[in-house]
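Numbering (the numbering used here), first residue to last: 374 to 544.
Ideal Cβ positions, reconstructed from N, Cα and C, are used throughout, including at glycine.
Just so you know, these numbers come straight off a predicted model, no measurement behind them.
Quick notes on the structure that follows.
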């Protein structure tokens, strides 16, 4: 692990097309081959009007990202799927939160989640949802998420350990 970064140098901003090469590098460092999604998929997502993902930059590079979009409760984007816009979006869907392994444990994910919660509150969105993979259920429970009563069929694309989780956002 790299020495803790100077948090005053962290900059959270919307993910943009220019972030794509670095996003793919962070993704590759964090996920196994079965969960990697390609450049074309992420380019379409970044172009989607539903996209509200964020990147955390410091030291001249992308250290972490949160791929997210405005959605509706119960809708799950399958692995390699596009972020579909919903006119009646009531949910912040967190598709992917990834932190460069050499910066893990420094609060970068928390900073991105805090910025996402703020975006949702400003927009009037009161719910968040995600698919937990790779043994991350404990992390997401600590963030206030719980398994949803109904598990959507699109979970199959994520593997056997996938779990759809939701939470209500504070007002």
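Cβ contact annotation for residue 541 (same chain, cutoff 7 Å, sequence separation greater than five): 499, 500, in chain order. Listed as beta-bridge partners of residue 461 by DSSP are no residues whatsoever. The C-beta of residue 381 has fewer than 16 other C-beta atoms within 10 Å across all chains shown, which makes the residue exposed. Of the candidates 464, 384, 434, 456, 456 places its Cα closest to the Cα of residue 414. Per the C-alpha coordinates, the member of 387, 409, 509 positioned closest to residue 397 is 409. Annotated three-state conformation of residue 421 is coil, per DSSP. Take residue 525, set aside five residues on each side of it, and the residues of its chain with a beta-carbon closer than 8 Å to its own are 447, 448, 449, 537, in chain order.
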